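Working notes, structure below.
There are 2 protein chains.
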Amino acid sequence: MASFSPATPQVLPRRAREMAPTETRFDRRLAKILAHATNVFCEKGYEGASMRDLSRSSGMSLAGLYYYFESKEKLLYLIQKHTFTTIVERLRERLDQVEDPAERIRVFILNHVEYFLANQKAMKVLSHEDDVLKNGYGSEIAGIKREYYRICMELLEDFKRVRGLQFSGRIAVLSLFGMMNWIYTWYNPRADANAKDLSRQMGDIFLQGICAPGKTRKKRSALAN
Amino acid sequence: MASFSPATPQVLPRRAREMAPTETRFDRRLAKILAHATNVFCEKGYEGASMRDLSRSSGMSLAGLYYYFESKEKLLYLIQKHTFTTIVERLRERLDQVEDPAERIRVFILNHVEYFLANQKAMKVLSHEDDVLKNGYGSEIAGIKREYYRICMELLEDFKRVRGLQFSGRIAVLSLFGMMNWIYTWYNPRADANAKDLSRQMGDIFLQGICAPGKTRKKRSALAN
DNA sequence: CTATTATTAGAACGAACGTTCGAACTATGG
DNA sequence: CCATAGTTCGAACGTTCGTTCTAATAATAG
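Going down the list, the sequences are from chains A and B. Numbering-wise (the numbering used here), the first sequence opens with residue 1 and increments by one. Numbering-wise (the numbering used here), the second sequence opens with residue 226 and increments by one.
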């Protein structure tokens, strides 16, 4: 009889489930691979990137990669999960230190833009490969996203209450996300403002934008056909 | 000697270059295929969609498709070119009828959002598959995009001049594009506002946002670490 | 040293990819 | 009814895809 079953589906990479008391060599190696994969996914897209591309960029053999994760999809999941979790964590820490509703929205924007620019490639992979994960992986990321959205919506509702404003929170929040998440399509580190300036400018537009009704509207003219 | 050279690369589909005085059966058939392809590209992404998917959705054989276009890439090009050209055309017609700078920006937003919602799938394919076209195809679409950007920037500069405002036109324009182009990630026709209401609300946020300096800022506190 | 476990890679798997070829079919006009 | 051009398709091309098998190598503990 063989020493171990040939039907074993996977050797289950050592410490698959653990609280990570120490960062092992395995973890460090995996993190390296994730970093390389992020670059490749960013440049060629998830579907457009092949496992052979990942192998080349990380300097590890095609088969060797599978010691660290079980599928290409899981790899994307790990990248998105880590990125999204981190940005939410940092947001929570920062929000704890601020009370004024307007300033809390500014903190939200700064946190998002700052992390976005500091981890541009990972954030592009998070934004651009939004609905490619299926089933369990997809719904877990979607859950984090829903939570992130909820936090922003609450900040907005507080702001509305304290200022006595009335507007659609949903459209405001989604417009803000649009402004911020679109950055990856145009941002040029050598020409464009840094995170602090950029988030201040976007914050100006957004906060001023949702405030007063204003009179930028024109007469009801013969425009409408 | 053979009746025609076996080295002929392609049978060149009949009226490859013409001014289209009459809409032929060929044109109509191609348009149908483009419509089906738009749906598939929208749902699975350009890289994720296979020619066999397109064959299935359009009800035509795999080989039969190649009578109408020469490659998958050309197909994406045709979709993007037509979509982008049309939206710019309509914008020009509408802008000719309006003079007030603020109202012209509103026209820009309305035109974009209206077309976006009326052709949601095509616009997602245009926005989401932004940099997958290579070489000639890619640079032609990029040219239209640059022109579209330039038009919006001019509208903004006129607005700034007439109101005596000072802000970064680039960031404002790109924030506006972000708001609008992000729509495809969240819009739900059954729950969300129609094009006119949505563009009015985004117009309110944007125009109000770029106007006054406002006093939504807070004291310079101990926030900055 | 030896035994054991952790890690890596060569070679191959079947499936799916974009594309092409040649033969068929259909429509049209003489 | 034949000739010609327009249109469609089954079958196959060579390539690349994600993944796996198996064995070899490095690291570590006794």
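Just so it is clear, CB atoms sit at the ideal spot from N, CA and C, and this is done for glycine as well. Every value quoted in this text rests on a predicted model; they were computed, and no experiment measured them.
Simplified DSSP state of residue i, which is helix, strand or coil
i: residue 435(B); result: helix
i: residue 293(B); result: coil
i: residue 359(B); result: coil
i: residue 187(A); result: coil
i: residue 424(B); result: helix
i: residue 283(B); result: helix
i: residue 139(A); result: helix
i: residue 417(B); result: coil
i: residue 127(A); result: helix
i: residue 305(B); result: helix
i: residue 75(A); result: helix
i: residue 53(A); result: helix
i: residue 323(B); result: coil
i: residue 380(B); result: helix
i: residue 372(B); result: helix
i: residue 89(A); result: helix
i: residue 233(B); result: For residue 233(B), the predicted structure reports a pLDDT of 31, less than 50, and the residue's modelled location is therefore unreliable. A value from the coordinates is still provided. It is coil, neither helix nor strand.
i: residue 227(B); result: For residue 227(B), the predicted model reports a pLDDT of 31, less than 50, meaning its position is unreliable; a value from the coordinates is still stated below. Correct three-state label for residue 227(B): coil.
i: residue 14(A); result: In this prediction, residue 14(A) scores a pLDDT of 45, lower than 50, which makes its location untrustworthy; the coordinate-derived value is nonetheless stated afterwards. Reduced to three states, the DSSP call for residue 14(A) is coil.
i: residue 162(A); result: helix
Unbroken alpha helix (DSSP H) run spanning residue i, endpoints
i: residue 403(B); result: 394-406
i: residue 114(A); result: 101-118
i: residue 265(B); result: 250-269
Residue i Cβ short of 8 angstroms to the ligand NAP heavy atom set
i: residue 407(B); result: What this structure holds is no ligand at all, so the ligand NAP is not there to describe.
Check: Any contact of the stretch 313-330 of chain B with the stretch 407-414 of chain B, i.e. 3+ C-beta pairs under 8 angstroms?
Finding: Flag = no, the stretch 313-330 of chain B and the stretch 407-414 of chain B do not touch.
Next item on the list: Evaluate contact between the stretch 295-302 of chain B and the stretch 395-407 of chain B, counting only Cβ atoms and requiring at least three cross-stretch pairs below 8 angstroms.
Entry: no
Next item on the list: Please determine if the stretch 98-112 of chain A and the stretch 53-71 of chain A are in contact, where contact requires at least 3 C-beta pairs separated by less than 8 angstroms.
Entry: The answer is no - the stretch 53-71 of chain A does not touch the stretch 98-112 of chain A, with fewer than three Cβ pairs under 8 angstroms.
Next item on the list: Decide yes or no for the touch test of the stretch 28-47 of chain A against the stretch 116-129 of chain A: beta carbon pairs closer than 8 angstroms, at least 3 of them.
Entry: yes
Notebook entry, point to check: Taking one C-beta from the stretch 75-84 of chain A and one from the stretch 130-147 of chain A each time, how about it: are there three or more such pairs within less than 8 angstroms?
Noted result: yes
Checklist line | Cβ pair count under 8 angstroms reaching 3, the stretch 382-395 of chain B against the stretch 148-161 of chain A | finding: no
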